[in-house]
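I have placed the structure first, in the form of structure tokens, so that the comments after it can refer back to it.
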Amino acid sequence: MSDGASQLVVVGSLNADLTVALDHLPSAGETVIALSPARFGFGGKGGNQAAAAAALGGRVAMVARVGDDEAGAKMRSDLAERGVDTRLVRTTRGLPTGSAQINVDRGGDNTIVVDPGANGALSPEDVRDPVVVSASVVVVQLEIPLDAVAAAVSAANGLVLLNPAPAQTLPDEVLGRIDLLVPNRTELGLLAGSAPPDNLDETAELVGALPHEFDVVVTLGPLGALVVERSGGPRAATHVRAPRVDAIDATGAGDTFCGALAVALGEGWDLIAAARLAVAAASLSVTGHGARSALASRQEAERLAATVEIEPLRLQPRGPRGSG
Ligand code: RIB
741 MSDGASQLVV VGSLNADLTV ALDHLPSAGE TVIALSPARF GFGGKGGNQA
791 AAAAALGGRV AMVARVGDDE AGAKMRSDLA ERGVDTRLVR TTRGLPTGSA
841 QINVDRGGDN TIVVDPGANG ALSPEDVRDP VVVSASVVVV QLEIPLDAVA
891 AAVSAANGLV LLNPAPAQTL PDEVLGRIDL LVPNRTELGL LAGSAPPDNL
941 DETAELVGAL PHEFDVVVTL GPLGALVVER SGGPRAATHV RAPRVDAIDA
991 TGAGDTFCGA LAVALGEGWD LIAAARLAVA AASLSVTGHG ARSALASRQE
1041 AERLAATVEI EPLRLQPRGP RGSG
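Dropping the structure here:
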């Protein structure tokens, strides 16, 4: 790339999403009839994060792989139209573009099944690029091979934000290099070797059980987020409350959250202010269908962020779980 470093680089997945709206999510062995025709949309956790960051005015480049097919071409042009630099979105011959089958219930909750396709071919060599090395913020998730994740976090010189989704355990090689972890409750539980936490106190307690001193922002869906600052000083936890919105589809809300957080941190905002913007952007994103149909503009997100309440959480002394 000829024009110097991008401020924000997303290393991750691109998927063609096929979403069906259902009365309720099916249980094992159950067949459920869709409420309306299936919708095609652009998705993938990485692509959604890049699109959300660009919508908020971030200067964003994407490192990814698509298949040599129509979905891959459309995926690349959608990102480019949204202002994302796609020069590092490469094409893999012989593999389809990644895809996701998404079920959304009447309350906006979902289940997602991903076929990685070309995402599975993203290699450490793809990722060891000067654009990643010089970026001020590098954002990574786990829908790409773990060796590519490890290469991204080790190549990066800027702030590294890891969204550990889908949930999986991670080696010290990765966890030891990140600056900010953004899990949901399920992902936090897995990384802490526990069941997902049930409340804010348990969430803060599990964050305390994580190795390494990176900061952590746990996404809590309609409850907002819990920010736990652990680097450089005593632990402090803050609950950032989500505003009430009419949720239609929560697909991509966590991705929007990560994209917004990365933009704000790249601009030098403190973590609480960045989390307020991220909660606002994620809240707005659930008011439309699919992962990218209701991405907030900067003005919309900042206006809502100004109403987002925060509350310091009194941290319990460290001790065995359940000991009170
Ligand atoms: O986080 C939402 C995304 O997860 C969807 O867009 C789907 O593609 C899966 O990657």
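Going by my numbering, the first residue of the sequence shown is number 741, and it counts up by one from there. Even glycine gets a Cβ: it sits at the ideal position worked out from N, Cα and C.
Rounded C-alpha distance that separates residue i from residue j
i, j, result
"D757", "T991", "10 Å"
"V760", "A905", "22 Å"
"D818", "R1054", "44 Å"
"T959", "G834", "37 Å"
"R1043", "G1008", "19 Å"
"T1047", "A1013", "12 Å"
"R805", "A790", "14 Å"
"S767", "G838", "25 Å"
"L902", "V985", "27 Å"
"G752", "I773", "32 Å"
"P1052", "A977", "6 Å"
"L920", "R827", "26 Å"
"V1003", "L796", "7 Å"
"D809", "F782", "14 Å"
"V980", "A965", "5 Å"
"D855", "G999", "23 Å"
"Q747", "S934", "36 Å"
"G807", "R1016", "37 Å"
"A811", "A793", "22 Å"
"G1059", "E913", "Reliability fails at G1059, whose pLDDT of 49 lies under 50, so the model's placement of it is uncertain and the value that follows must be treated cautiously. Near 27 Å, if we compare the C-alpha coordinates of E913 and G1059."
"G1030", "G798", "21 Å"
"E1049", "A982", "8 Å"
"V922", "L1035", "19 Å"
"D708", "P870", "Limits of the chain in this structure are 741 at one end and 1064 at the other, which puts residue 708 out of reach."
"A891", "G961", "30 Å"
"R822", "L1005", "21 Å"
"E945", "R970", "12 Å"
"A1045", "L1024", "10 Å"
"V803", "S776", "34 Å"
Nearest residue (CA-CA) to residue i, options the options
i, options, result
"A813", "L754, T978, E953, G848", "L754"
"A875", "P1052, R925, T943, A801", "A801"
"A1021", "Q1039, E927, D1010", "Q1039"
"I884", "V871, V873, V867, N897", "V867"
"L940", "V968, L950, R1016", "V968"
"D763", "G1006, N843, R822, L946", "N843"
"E953", "G929, D938, G916, R830", "G916"
"N788", "A778, P777, M815", "M815"
"D845", "A1036, R1032, V1026", "V1026"
"V878", "V749, S1023, R1032, G1006", "V749"
"L886", "N897, P951, Q908, A895", "Q908"
The alpha helix (DSSP H) enclosing residue i, as first and last residue numbers
i, result
"T728", "Here the chain covers residues 741 to 1064 and nothing more, so residue 728 does not appear."
"P870", "870-874"
"L901", "Where L901 is concerned, there is no enclosing alpha helix (DSSP H), although the beta strand (DSSP E) it sits in stretches over 899-902."
"E942", "940-948"
"G787", "785-795"
beta-carbon residue i near the ligand RIB non-hydrogen atom, thresh 6 Å
i, result
"N850", "no"
"V854", "yes"
"T991", "yes"
"D818", "no"
"N924", "no"
"D995", "yes"
"K716", "It is not possible to answer for residue 716, since the shown part of the chain is limited to 741 through 1064."
"D912", "no"
"D809", "no"
"A858", "no"
"N755", "yes"
"A761", "no"
"A888", "no"
"A1000", "no"
"A1031", "yes"
"A840", "yes"
For residue i, the first and last residue of its enclosing beta strand (DSSP E)
i, result
"S817", "Premise fails: S817 lies in the alpha helix (DSSP H), 810-821, not in any beta strand (DSSP E)."
"T837", "First-last for T837: undefined, no H or E at that position."
"A976", "976-980"
"R917", "Taken as a continuous stretch (DSSP letters only), R917 belongs to no beta strand (DSSP E), as it is neither H nor E."
"V749", "748-751"
"E1051", "1050-1053"
"D855", "850-855"
"D757", "755-761"
Whole-angstrom C-beta distance between residue j and residue i, which should lie under 8 Å
i, j, result
"T851", "L765", "5 Å"
"D1010", "K785", "Incorrect: roughly 25 Å between the Cβ atoms, too far for contact."
"A840", "V853", "7 Å"
"P936", "T926", "5 Å"
"A1018", "G847", "At roughly 22 Å, the Cβ-Cβ gap does not stay under 8 Å, so A1018 and G847 are not in contact."
"L928", "V947", "7 Å"
"V889", "L882", "6 Å"
7 Å Cβ cutoff, residue i in contact with chain B
i, result
"L796", "The chain labelled as chain B is not found in the depicted structure, where only one protein chain is given."
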